[in-house]
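Here the structure comes first, spelled out in structure tokens, and everything after it is commentary.
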Amino acid sequence: MNVPFVDLQAQYRSIKSEIDQAIAGVLRDAAFIGGKYVESFERDFAAYVGAGHCIGVANGTDALFIALKALGIGPGDEVITVANSFIATSEAVTAAGAQVVFVDCDSGTYTIDIAGIERAITKRTRAIIPVHLYGQMADMEPLQALAKKHGLRIIEDAAQAHGARYHDRAAGTFGDCACFSFYPGKNLGAYGDGGAIVTGDGVLAKKIRMFSNHGRTEKYNHEFEGINSRLDGIQAAILDVKLKHVERWTERRRAVAGTYDAGLKGFVGTPAVAPACRHVYHLYVVRVKHRERVIAFLKERGIATGIHYPIPLPFLNAYRHLGHQAADFPVAGSLQGEILSLPMHGDLTDAQVDHVIDSLREAVRPS
Ligand SMILES: *Cc1c(COP(=O)(O)O)cnc(C)c1O
């Protein structure tokens, strides 16, 4: 039996007529950049998150960069983020001209360690970028309290957390603004690149929209220099179709996670979910010993796996100049050799899930 890590073809087959019709509509109307499809998706996604404003942009990395620029963060400023994320998070900080400061993660949830943030704050700190890693939100209540105490901005990296909640509020409603990615494999994915920034702040929303579209107020009138980073009409129309299905897919992800939990507890380290959190399982990440052997065994059984991420950001060559030691990030360092992401998506069948559980139990059985 084959169990792909994600199955975008199965997903497309299940909604083919709606998608094909949506794309045909954009072609018919030639609404390629801006226009009614982008406006409609922005309105629908803002409502889904429960935020006042949504601005579509070209991808999630740009979303983070634009958010930083719109908040006026740049040279001389420090921005705190977490050691275990995708490089886009820290790359955006550097691109904005600011200095990235890494903090270790919590040993239970693997999201940013709040005590570590407090220790990392200096006179130059301007913002914190918590990453809602794997689909679980960072511990936002103490993080917000800390930001308030020190007068810091919060930019949520919600690229993996569409529909995730902390108490009764969704990812995207806790920070000054929040950044989403619609990379095809994300919980809500386009058929190409896409991203969005949501915010409750109307003034900030206006600045974000202007910056992402050449700093323009109206055609050929530019208040300042920005960049070209827009969500296109075809992607917006596709995303609007998929948005109607995302809760159903999320519930399937959560059900699969429940089955994984029950079948794997005691055999491998299963994900810890904080009581306040609705985890949306962008990734289902276990901890195993002898990972290479386990990966090979599962591959033999037709099961694809991933590692998110094999090298913590501060240990990448890209950040060698920061001079970090393994001892600076003990938790991220301890995860590095043991984390393993199992197949997770909304189209997994019960038979596939059982096959993963049976195979993984066998793979870790002492020989
Ligand atoms: C995917 C991702 C991004 C970047 O999104 P793109 O759309 O690929 O640019 C940023 N942060 C995290 C945590 C991600 O997983």
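Note that my numbering gives residue 251 to position 152 of the sequence shown, counting from 1, and the numbers run on in steps of one.
For glycine and all other residues, C-beta sits at the position ideal for the given N, C-alpha and C.
Nearest neighbour of V199 by Cα position, chosen from Q235, S189, D205, turns out to be S189. Taken from the Cβ of G293, at least one heavy atom of ligand 1 lies inside 8 Å. Counted as a single uninterrupted DSSP element, the beta strand (DSSP E) harbouring F279 occupies residues 276-280.
Secondary structure at A356: helix, using DSSP grouped into helix, strand and coil.
In the three-state scheme derived from DSSP, where H, G and I count as helix and E and B as strand, N101 is classed as coil. For A270, the CB contacts under 8 Å within the same chain, skipping 5 residues up- and downstream, are V148, H231, M236, E255, A257, A260, H261, G262, A263, R264, A277 in chain order.
The Cβ neighbour count for M100, taken over all protein chains shown within 10 Å, is under 16; the residue is labelled exposed. For S206, same chain residues with a beta-carbon under 7 Å away, outside a window of 5 residues either side, are V430 in chain order. In this structure, H454 sits away from V105, with a CB-CB distance that is not shorter than 9 Å.
Judged by DSSP secondary structure, E217 falls within the alpha helix (DSSP H) whose first and last residues are 213-219. Within the chosen limit of 8 Å, ligand 1 reaches the beta carbon of A258 through at least one heavy atom. Membership of A395 in the alpha helix (DSSP H) is indicated by the continuous run 390-399. Contact between A226 and P413 fails: their C-beta atoms lie close to 18 Å from each other, not under 8 Å.
Beyond the five residues adjoining it in sequence on each side, A191 comes within less than 7 Å, by CB distance, of T160, L163, F164, L167 in the same chain, given in chain order. The nearest non-hydrogen atom of ligand 1 is 8 Å or more from the C-beta of L338. Shortest gap from the CB of F185 to any heavy atom of ligand 1: under 8 Å. Per the Cβ contact rule, the stretch 241-253 is not in contact with the stretch 121-139 (fewer than 3 Cβ pairs under 8 Å). In this structure the stretch 352-371 lies against the stretch 382-391, because at least three pairs of beta carbons, one per stretch, are closer than 8 Å. In the three-state DSSP reduction, F201 falls in the strand class (E or B). Counting only residues of its own chain and dropping the five nearest sequence neighbours on each side, A195 has a CB closer than 7 Å to the CB of F164, L167, K168, I172, G173.
Counting along the chain, G155 sits inside the beta strand (DSSP E) bounded by residues 152-156. Collapsing the DSSP output to three states places V340 in a helix. With contacts defined by Cβ atoms closer than 9 Å, L397 and A462 form a contacting pair.
Judged by DSSP in its simplified three-state form, R419 adopts helix.
Taking 4 residues as the minimum length, the alpha helix (DSSP H) runs contained wholly in the stretch 218-306 are 239-249, in order along the chain. Membership of E324 in any beta strand (DSSP E) is not indicated, and neither H nor E is assigned to it by DSSP. Counting along the chain, I438 sits inside the beta strand (DSSP E) bounded by residues 438-441.
Judged by beta-carbon spacing, H381 lies within the 9 Å limit of G234, meaning their Cβ atoms are closer than that value.
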